[in-house]
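Here is the structure we will look at.
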Amino acid sequence: MNPVARQLRIVDEILHKRDAQDALFGRQDDLPNGTDVGSFKPIADAHRMECEAAFAAGVGTFRHVFLEEVFEAMAESDPVKLRAELLQAVAVGVKWLEAIDKQQEEKA
57 MNPVARQLRI VDEILHKRDA QDALFGRQDD LPNGTDVGSF KPIADAHRME CEAAFAAGVG
117 TFRHVFLEEV FEAMAESDPV KLRAELLQAV AVGVKWLEAI DKQQEEKA
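Count along the sequence shown starting at 1, add 56, and that's the number in our numbering.
Here is the structure:
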């Protein structure tokens with residue numbers, strides 16, 4: 057499968073999952089963000105250092121990158137910056153899904 061088709065399939069799956077979440081839990085647009093610089097900054101810093109060290113040692117993984125991005129988002133309280141960090145985390149998640157799908161296709 058070509059990369060664009062793979063991405064479109066993943067985005068379609070994500071949209072279906074979102075619809076299912078809304079059907080199950082309602083829209084939930086009014087939930088607070090729950091992010092906090094004070095609580096999550098040390099965790100974000102630790103994941104960033106772990107990610108940098110893993111890649112410097114040649115053993116970096118999608119887990120390293122994804123968790124770094126997720127905890128950077130959790131440490132952000134400004135809505136504009138939070139949105140940018142969440143977008144980064146989601147983009148890494150999509151890339152990870154692409155890699156999993158590509159690996160499965162190559163095994164088939």
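Ideal Cβ positions, reconstructed from N, Cα and C, are used throughout, including at glycine.
Please report the distance separating the alpha-carbon of residue i from that of residue j.
i	j	result
residue 122	residue 148	6 angstroms
residue 88	residue 135	11 angstroms
residue 105	residue 117	14 angstroms
residue 109	residue 93	23 angstroms
residue 127	residue 99	7 angstroms
residue 156	residue 63	12 angstroms
residue 158	residue 150	12 angstroms
residue 115	residue 124	15 angstroms
Go to residue i, then tell me how far its alpha helix (DSSP H) extends in each direction, as first and last residue.
i	result
residue 159	135-163
residue 98	93-112
Give me, in chain order, the residues of the same chain whose beta-carbon lies closer than 7 angstroms to that of residue i; leave out the 5 immediate sequence neighbours on both sides.
i	result
residue 153	66
residue 161	57
Under three-state DSSP, which class holds residue i?
i	result
residue 85	coil
residue 132	coil
residue 115	coil
Leaving out five residues before and five after residue i in sequence, what residues of the same chain have Cβ atoms less than 8 angstroms from its Cβ?
i	result
residue 91	129, 130, 131, 132, 133 and 138
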